[in-house]
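**Q**
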Amino acid sequence: MTVHNLYLFDRNGICLHYSEWNRKKQAGISKEEEFKLMYGMLFSIRSFVSKMSPLDMKEGFLSFQTSKYKLHYYETPTGLKVVMNTDLGVGNIRDVLHQIYSYIYVEYVVKNPLCSLNETIQSELFRSKLDTFVRSLPFFSARAG
Amino acid sequence: MARQGSRGGAESKKMSSELFTLTYGALVTQLCKDYENDEDVNKQLDKMGYNIGVRLIEDFLARSNVGRCHDFRETADVIAKVAFKMYLGITPSITNWSPAGDEFSLILENNPLVDFVELPDNHSSLIYSNLLCGVLRGALEMVQMAVDVKFVQDTLKGDGVTEIRMKFIRRIEDNLPAGEE
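As given, the protein sequences belong to chains P and C, one line each in that order.
Counting from 1, one number per residue, gives the positions in the first sequence under this note's numbering.
Counting from 146, one number per residue, gives the positions in the second sequence under this note's numbering.
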């Protein structure tokens, strides 16, 4: 099992942070375009999922998977979106994504008054804490399966 | 305020409520020195509160694990019973709902911000705790709710209780970012 990459979007669709660990193939477009593409897809799938739902739903869109990878999605009521791509062996990781939000984003970005909330996160501390956290996850493994 | 950073107990921090109250007092005093009239001080307090609120909501969501509220009544409950409890150590009561259910009052039996305060005569229009209004407005704006918040009663002005009136204005819809097909 492994973690491929992670995106953090704010409520306006700005990519606050991106990091990757075990990504063997790039999208072949600029990072800006990739972020836009990703956010556009998330935006559409969210509205699609809630429109099509036969029941009143609470959590909405959680994850999707292809034959090669699985995309996990977590959104806070404030509209912060955490997106993590892993391989197919990883189960439900909502609590992990919530921890990234509450232990890392809130602690090292929101509580840092010098960090602006609506632009790319520059904080080195945030980066290193996030990296350590992800590397310590039980399903993180440097070798892709 | 006896604010507890309860993150699984490991890093609980407590702060003296007196220090908190006195710090807030020092802040208001400085604003009164910096600005000529009380309206400007009220405005500054509201603005500062707003800036606190937009960040505090993230801390609140991270700690409380509260999800999205379904209606304004639930929001009122969460504000009074969870948020005020967590950050100020008090639980205001919720009363005076408007018939349409879009307006209510928070009654604060005792307001920890004003423990040592008496308003001098030359500051009769100062809304001493106006920071709270800004905090509530900022925090709710981040969860897509535009609200109007104001003090309608204040023990500092001789009223029996402190009353904060909150009015729901509208839901803020999120839009697709510009430049997106």
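Heads up, the beta-carbon is just placed ideally off N, CA and C, and yes, glycines get one too.
With a threshold of 8 angstroms, are at least 3 pairs of Cβ atoms found where one atom belongs to the stretch 272 to 279 of chain C and the other to the stretch 182 to 197 of chain C?
**A** Touching, yes.
**Q** Spatial neighbours of residue 294 of chain C within its chain, please: C-beta separation below 6 angstroms, excluding the five flanking residues on both sides.
**A** Taking the second sequence and counting its residues from 1, the one referred to as residue 294 of chain C is at position 149. Same-chain partners within the cutoff: 278, 281, 282 and 311.
**Q** Could you check if residue 207 of chain C is buried or exposed, using at least 16 other CB atoms within 10 Å of its CB as the buried criterion?
**A** Position 62 of the second sequence, counted from the first residue, corresponds to residue 207 of chain C. Residue 207 of chain C is buried by the Cβ-count criterion.
**Q** Helix, strand or coil, according to DSSP, for residue 93 of chain P in the structure here?
**A** Position 93 of the first sequence, counted from the start, is the residue given in the question as residue 93 of chain P. If DSSP states are grouped into helix, strand and coil, residue 93 of chain P belongs with coil.
**Q** By how many angstroms is the C-alpha of residue 82 of chain P removed from the C-alpha of residue 97 of chain P?
**A** Numbered from 1 along the first sequence, position 97 holds the residue referred to as residue 97 of chain P. Numbered from 1 along the first sequence, position 82 holds the residue referred to as residue 82 of chain P. Cα to Cα, the separation comes out at about 7 angstroms.
**Q** Output yes if chain C places a C-beta closer than 9 angstroms to the C-beta of residue 117 of chain P; else output no.
**A** Sequence index remark: in the first sequence, residue 117 of chain P carries index 117 (1-based). Residue 117 of chain P counts as touching chain C.
**Q** When we look at the beta-carbon of residue 8 of chain P and count the other beta-carbons within 10 Å, is it buried (16 or more) or exposed?
**A** For the purposes of this step, residue 8 of chain P is taken as the residue at position 8 of the first sequence. Under this definition residue 8 of chain P is a buried residue.
**Q** By the criterion of Cβ-Cβ separation under 7 angstroms, what are the contact partners of residue 11 of chain P in chain C?
**A** In the first sequence, the residue the question calls residue 11 of chain P occupies position 11. Under the 7 angstroms cutoff, chain C gives 319.
**Q** Under the three-state reduction of DSSP, which class applies to residue 294 of chain C: helix, strand or coil?
**A** Translated into the one-based positions of the second sequence, residue 294 of chain C becomes position 149. Reduced to three states, the DSSP call for residue 294 of chain C is strand.
**Q** I'd like the list of long-range same chain contacts for residue 90 of chain P, defined as Cβ closer than 7 angstroms, with 5 residues on each side in sequence excluded.
**A** As a working note, residue 90 of chain P is residue 90 in the first sequence. Only 1, 70 and 139 meet the Cβ criterion.
**Q** Which bits of chain C does residue 102 of chain P rub up against, with CB to CB less than 9 angstroms?
**A** To locate residue 102 of chain P, count along the first sequence from 1; it is residue 102. Within 9 angstroms Cβ-Cβ: 152, 203, 204, 206, 207, 208 and 210.
**Q** From residue 10 of chain P to residue 118 of chain P, what does the alpha carbon distance come to, in whole angstroms?
**A** If you number the first sequence from 1, residue 10 of chain P lands on position 10. If you number the first sequence from 1, residue 118 of chain P lands on position 118. C-alpha separation (whole angstroms): 7 angstroms.
**Q** Does chain P have any CB closer than 9 angstroms to the CB of residue 287 of chain C?
**A** Looking up residue 287 of chain C in the second sequence gives position 142. Yes - at least one Cβ of chain P is within 9 angstroms of the one on residue 287 of chain C.
**Q** Grouping DSSP H, G and I as helix and E and B as strand, with all else coil, what is residue 72 of chain P?
**A** On the first sequence, residue 72 of chain P is found 72 positions in, with the first residue counted as 1. Of the three classes helix, strand and coil, the one that applies to residue 72 of chain P here is strand, per DSSP.
**Q** Terminal residues of the continuous beta strand (DSSP E) containing residue 65 of chain P?
**A** Counted from its first residue, the first sequence places residue 65 of chain P at position 65. Element bounds for residue 65 of chain P: 63 to 65.
**Q** Can you round the beta-carbon distance between residue 180 of chain C and residue 186 of chain C to whole angstroms, since I take them to be within the 8 angstroms contact cut?
**A** Stepping through the second sequence from its first residue, residue 180 of chain C is reached at position 35. Stepping through the second sequence from its first residue, residue 186 of chain C is reached at position 41. Indeed they touch by this definition, with Cβ atoms about 5 angstroms apart.
**Q** Determine the direct distance from the alpha carbon of residue 266 of chain C to that of residue 60 of chain P, and round the result to whole angstroms.
**A** Position 60 of the first sequence holds residue 60 of chain P. Position 121 of the second sequence holds residue 266 of chain C. For residue 60 of chain P and residue 266 of chain C, the distance between alpha carbons rounds to 55 angstroms.
**Q** Residues of chain P with a CB under 7 angstroms from the CB of residue 213 of chain C: which are they?
**A** Walking along the second sequence from the start, residue 213 of chain C turns up at place 68. Within chain P, the residues near residue 213 of chain C are 77.
**Q** Measure from the alpha carbon of residue 76 of chain P to the alpha carbon of each residue in P:87, P:100, P:92 and P:128, then state which is nearest.
**A** Here the question's residue 76 of chain P lines up with position 76 in the first sequence. If we check each option's Cα against that of residue 76 of chain P, P:100 comes out closest.
**Q** Going by C-alpha distance, which of P:131, P:47, P:129 and P:42 is nearest residue 57 of chain P?
**A** Locating residue 57 of chain P in the first sequence gives position 57, where the first residue counts as 1. Answer by Cα proximity: P:47.
**Q** Using only alpha-carbon positions, find the residue among P:73, P:122 and P:113 that is nearest to residue 94 of chain P.
**A** The count along the first sequence starts at 1 and reaches residue 94 of chain P at position 94. Looking at the Cα atoms, P:73 is the closest of the given residues.
**Q** Give me the chain P residues within the contact set of residue 316 of chain C, using Cβ-Cβ distance strictly less than 7 angstroms, ordered along the chain.
**A** If you number the second sequence from 1, residue 316 of chain C lands on position 171. Near residue 316 of chain C there are no residues of chain P at all, since even the closest Cβ is about 13 angstroms away, more than 7 angstroms.
**Q** For the stretch 106 to 135 of chain P, which segments carrying the alpha helix (DSSP H) assignment without a break, of at least 4 residues, lie completely within its bounds, in sequence order?
**A** Within the stretch 106 to 135 of chain P, the complete alpha helix (DSSP H) runs of at least 4 residues are 124 to 135.
**Q** Against chain P, with Cβ distances strictly below 9 angstroms, would residue 313 of chain C count as a contact?
**A** Position 168 of the second sequence holds residue 313 of chain C. Output row for residue 313 of chain C: interface = no.
**Q** Could you confirm whether any beta carbon from chain P is found closer than 9 angstroms to the beta carbon of residue 199 of chain C?
**A** Indexing the second sequence from 1 puts residue 199 of chain C at position 54. Taking Cβ atoms only, chain P reaches closer than 9 angstroms to residue 199 of chain C, which makes this a yes.
**Q** Pull up the distance between the alpha-carbon of residue 12 of chain P and that of residue 196 of chain C, whole angstroms please.
**A** Reading the first sequence from its first residue, position 12 is the one you call residue 12 of chain P. Reading the second sequence from its first residue, position 51 is the one you call residue 196 of chain C. Taking the straight line from one Cα to the other gives about 18 angstroms.
**Q** Please say whether residue 162 of chain C and residue 257 of chain C have beta carbons closer to each other than 9 angstroms?
**A** Position 112 of the second sequence, counting from 1, holds the residue named residue 257 of chain C. Position 17 of the second sequence, counting from 1, holds the residue named residue 162 of chain C. Cβ distance < 9 angstroms, so residue 257 of chain C and residue 162 of chain C count as in contact.
**Q** Specify whether the stretch 297 to 309 of chain C and the stretch 213 to 233 of chain C touch according to this definition: at least 3 beta carbon pairs, one from each stretch, less than 8 angstroms apart.
**A** No, because fewer than three Cβ pairs between the stretch 297 to 309 of chain C and the stretch 213 to 233 of chain C fall closer than 8 angstroms, the two stretches do not touch.
**Q** Among all the DSSP beta bridges, which residues are the ones paired with residue 307 of chain C?
**A** The sequence position of residue 307 of chain C within the second sequence is 162, counting from 1. Beta-bridge pairing links residue 307 of chain C to C:253.
**Q** Which word fits residue 200 of chain C, buried or exposed, when buried means at least 16 other C-beta atoms lie within 10 angstroms of its C-beta?
**A** Translated into positions along the second sequence, residue 200 of chain C becomes position 55. Buried: at least 16 other Cβ atoms inside 10 Å.
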